[in-house]
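Visitor:
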Amino acid sequence: MKKGSWPRRIGILFILIWTLVPLYWALNISLQTDAQATSKPSNYLPPSPSFANFAALLSGNSDLAQSIRQSTGNIFLECASATVVTVVLATLAAYAFARMRFRGRTVLFYGVLATMAFPAYTTLIPLYRILSAFGLVNTYLGIVLVYVSGFLPLATWILYNYMLSLPIALEEAGQIDGASRMQVLTHVVLPLARPGVISTAIITFLFAWGQFLFPLVLSSDISTQPLTVVIASLEGRHLVPYTLLSAAGILALGVPAVIALILNRYIVSGLLAGSVK
Amino acid sequence: MTTVIPGSRLRRGFDFLPYALVAPLTLFIVCLALIPALFTIVESFFRVNPLDPPDAFIGFGNFEALFANDAITSSMVNTAIYLVIGVALSTVFAIIFAVVLQKRFFGRSILIAILILPWALPGVVEGIVWSSIWDSNSGLLNSVLTSLHLIDHYLVFLGQNQLSTIFGIELVQVWQITPLSTLLILASLQNIPADIYEAADLDGSSPWATFRRITLPLARPGITIAMVQAIIATLNVFDQPYVLNGSASTGVSLTMETYFISFQNLNFGEGYALSLVITLITLLASFLVLKLVYRPVEF
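Taken in sequence, the protein lines are chains D and R.
Numbers in the numbering used here are just positions in the first sequence, counted from 1, shifted up by 34.
Numbers in the numbering used here are just positions in the second sequence, counted from 1, shifted up by 12.
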């Protein structure tokens, strides 16, 4: 303990600097004017902190503000719908896999898990062509369907492991009292599995929020593009100053950062349930 | 092991309920994962180009065209460098971070909450965040290096030199994937019984020897999964090079080439072939690491 204390302090300091300096820097730039942000040497603190960049992004009727507002709405809608559908379907399937025995169970279960070993982008082009054949490119429905199909295997796996760890005695008691298996699921299993369901929902939401290449391909204009795609397109045009871009970045980081800081306990337990076995 | 709830199965001939419960999942996986994957395999042997119909079987034609294309071969080299830098750095960082977090101390759970942040944030926005660190006109790194009198004029880190470009971009991805690697390795470390460390201490083992002989070998399961997730992430890197370096050849990855070929040139056949190549390389590399690094650990 005593011997290890100096190396550990250096390690802790390194983790803090490594993780927080880039985030601090984006925040620092976003609170400066363009002239301040391009000075040499840089201003390590905003000389006159101002929310003007955020105001320019969020209020008014400029094209920029309108597209930021629209794409913020889009990303919330797409992530929330994908999360709800994924969690509901994964809960049903995980319950069947964890607690029932049926013909084809093993093949189906490992077949679903095997899709996790493949890189997600394997199916990028065919998904685009299938969605366009059904007229679903550039629709909320198309994006949500693709997200759900991508996140379902991991969500099912996390919930399956969680349900297996629950004591079965309560479920048996429920059955003896005459509850149907669906009643057992909704009245006994779900209340006990709440932490697992929350973990799954948070992880799914964060994954959906982080998507870029899929929505870049699957949504062709501002009507369905999420915030991430719109921000990247600003970067590419080189017309928008860094200060504004950093402010937009802070907007897109804010939601997942707050979720991760407050609910990290659920994230850690969910990720470990999902990956270690 | 599955525990079975005794139920209506005995009374009825056939139990529909489990099938009803897994049906939506199965439908999604079959329609939006298996069938598309099959598409990728089959159509990689066809000429598929909406600008040049009709589709036609051309054997290995797409693959031959890919390997004859200098842009593709150079992006393969780039991706190999992303892979090596990314897997090595994220694994080393994660082992160090996990050891730092191994024993309980005041503020440990807050540190874990902070550590996990880059994992939770969108890669494309992280690219934008880091671009103001690497920037050649007003970036943080140039400013700090100048203040320390290490350089006398601002340098260009991204876009010109291939190695410094890829290193700068890959560091951003390492920033994103290291938290998950750390958690995976930390989970392995926390399975190690405390009495092994006590015994080593009694035998006068130095901290370094304890790390080499106990911690590292017993962390192999966690290190393996961490390396596999790093391999999948780095071989498929897209977001960070896309925002930090655009289509400049110094940093284009294979996944970016797939995107350009398919959705800018509309040459879907070659796009399919390239996705298939990336997928096979990813599976092969993951399998190799599994064979080389993984050892079952029992206590």
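Every residue gets a Cβ at the ideal spot worked out from N, C-alpha and C, and that includes glycine.
Looking at the C-beta of I97(R), does it have a partner C-beta in chain C at a distance below 8 Å?
Guide: Of the protein chains in this structure, namely D and R, none is chain C.
Visitor: Any idea which residues DSSP pairs F69(R) with across the strands?
Guide: Counting from 1 along the second sequence, the entry for residue 69(R) is found at position 57. F69(R) is bridged to F58(R).
Visitor: Between L65(D), G138(D), I109(D), which has its C-alpha nearest S253(D)'s C-alpha?
Guide: For the purposes of this step, residue 253(D) is taken as residue 219 along the first sequence, with counting starting at 1. When each option's Cα is compared against that of S253(D), the closest is I109(D).
Visitor: Answer with buried or exposed for P41(D), where buried requires no fewer than 16 other C-beta atoms within 10 angstroms of its C-beta.
Guide: For the purposes of this step, residue 41(D) is taken as the residue at position 7 of the first sequence. Flag for P41(D) reads exposed.
Visitor: Going by other Cβ atoms of all chains shown within 10 Å of its Cβ, with 16 needed for buried, is S87(R) buried or exposed?
Guide: The count along the second sequence starts at 1 and reaches residue 87(R) at position 75. S87(R) is buried by the Cβ-count criterion.
Visitor: Do you know offhand how far P253(R)'s Cα is from G244(D)'s?
Guide: Looking up residue 253(R) in the second sequence gives position 241. Looking up residue 244(D) in the first sequence gives position 210. Using only the alpha carbons, I get a separation of about 15 Å.
Visitor: Assign A68(R) to one of two classes, buried (16 or more other C-beta atoms within 10 Å of its C-beta) or exposed (fewer than that).
Guide: Indexing the second sequence from 1 puts residue 68(R) at position 56. Exposed, since its Cβ has fewer than 16 Cβ neighbours within 10 Å.
Visitor: How long is the line joining the alpha carbons of W220(R) and I197(R), rounded to whole angstroms?
Guide: Working through the second sequence from its first residue, we reach residue 220(R) at position 208. Working through the second sequence from its first residue, we reach residue 197(R) at position 185. Roughly 18 Å separates the two Cα atoms.
Visitor: Within 10 angstroms of its Cβ, does N279(R) collect 16 or more other Cβ (buried), or is it exposed?
Guide: As a first step, residue 279(R) must be located in the second sequence, where it is residue number 267. N279(R) is buried by the Cβ-count criterion.
Visitor: When DSSP labels each residue in this structure, what does R43(D) get in the three-state scheme?
Guide: As a first step, residue 43(D) is located in the first sequence; it is residue number 9 there, counting from the start. DSSP places R43(D) in helix when its eight states are reduced to three.
Visitor: Beta-carbon separation of L305(D) and L195(R) under 8 Å?
Guide: Along the first sequence, read from residue 1 onward, the residue named residue 305(D) stands at position 271. Along the second sequence, read from residue 1 onward, the residue named residue 195(R) stands at position 183. Cβ atoms of L305(D) and L195(R): closer than 8 Å.
Visitor: Would you call the segment 116-136 of chain D in contact with the segment 197-216 of chain D, where contact means no fewer than 3 C-beta pairs closer than 8 Å?
Guide: Touching, yes.
Visitor: Pop quiz: S287(R) and T52(R) are said to be a contact at Cβ under 8 Å. What is the actual Cβ separation, rounded to whole angstroms?
Guide: Counting from 1 along the second sequence, the entry for residue 287(R) is found at position 275. Counting from 1 along the second sequence, the entry for residue 52(R) is found at position 40. So it is a contact: roughly 6 Å between Cβ atoms.
Visitor: So for M13(R), helix, strand or coil by DSSP?
Guide: Along the second sequence, one-based indexing puts residue 13(R) at 1. In this predicted model, M13(R) has a pLDDT of only 44, less than 50, meaning its place in the structure is not dependable enough to derive any value.
Visitor: Indicate whether at least one CB of chain R lies closer than 8 Å to the CB of T190(D).
Guide: Here residue 190(D) corresponds to residue number 156 of the first sequence, with the count starting at 1. By this cut-off, T190(D) is an interface position.
Visitor: Alpha carbon to alpha carbon, what distance is there between T238(D) and F185(D)?
Guide: Along the first sequence, read from residue 1 onward, the residue named residue 185(D) stands at position 151. Along the first sequence, read from residue 1 onward, the residue named residue 238(D) stands at position 204. So the two alpha carbons sit approximately 6 Å from each other.
Visitor: Contact defined as beta carbons within less than 8 Å: I believe A291(D) pairs with I265(D). What is the distance between those atoms, to the nearest angstrom?
Guide: Stepping through the first sequence from its first residue, residue 291(D) is reached at position 257. Stepping through the first sequence from its first residue, residue 265(D) is reached at position 231. Actually they do not touch by this definition, with Cβ atoms about 15 Å apart.
Visitor: Take I293(R) as the anchor and find which of N77(D), L91(D), A151(D) has the nearest alpha-carbon.
Guide: Here the question's residue 293(R) lines up with position 281 in the second sequence. It is A151(D) whose Cα lies nearest to the Cα of I293(R).
Visitor: Return the residues of the segment 232-262 of chain D that lie within a Cβ-Cβ distance of less than 7 Å from chain R, sorted by chain order.
Guide: Within the segment 232-262 of chain D, the qualifying residues are L240, W243, G244, F246, L247, V251, T262.
Visitor: Is any beta-carbon of chain R found at less than 8 Å from that of N298(D)?
Guide: For the purposes of this step, residue 298(D) is identified with residue 264 of the first sequence, where counting begins at 1. Yes, contact with chain R.
Visitor: Tell me, please, whether the CB atom of S148(R) is closer than 8 Å to any CB atom in chain D?
Guide: Position 136 of the second sequence, counted from the first residue, corresponds to residue 148(R). Chain D contact via Cβ: absent.
Visitor: Can you tell me whether M150(D) is helix, strand or coil according to DSSP?
Guide: Here residue 150(D) is taken as the residue at index 116 of the first sequence, counted from 1. The answer is helix: DSSP assigns M150(D) an H, G or I state.
Visitor: Roughly how far, in whole angstroms, is the beta-carbon of S280(D) from the beta-carbon of S82(D), given that I think they are within contact range, below 8 Å?
Guide: Mapped onto the first sequence, residue 280(D) falls at position 246. Mapped onto the first sequence, residue 82(D) falls at position 48. The pair is not a contact, with the Cβ atoms about 16 Å apart (cut-off 8 Å).
Visitor: For chain D, check one thing: does any of its Cβ atoms lie closer than 8 Å to the Cβ of W142(R)?
Guide: Here residue 142(R) refers to the residue found at position 130 when the second sequence is read from its first residue. For W142(R), the answer is yes, since a Cβ of chain D falls inside 8 Å of its Cβ.
Visitor: Whose C-alpha, out of L295(R), I145(R), V249(R), P233(R), is nearest the C-alpha of P308(R)?
Guide: Indexing the second sequence from 1 puts residue 308(R) at position 296. Closest option to P308(R), Cα to Cα, is P233(R).
Visitor: When the Cα atoms are used, what is the spatial distance from F247(D) to G180(R)?
Guide: If you number the first sequence from 1, residue 247(D) lands on position 213. If you number the second sequence from 1, residue 180(R) lands on position 168. Note on residue identity: the sequence assigns Leu, not Phe, to residue 247(D). Cα-Cα distance, rounded: 21 Å.
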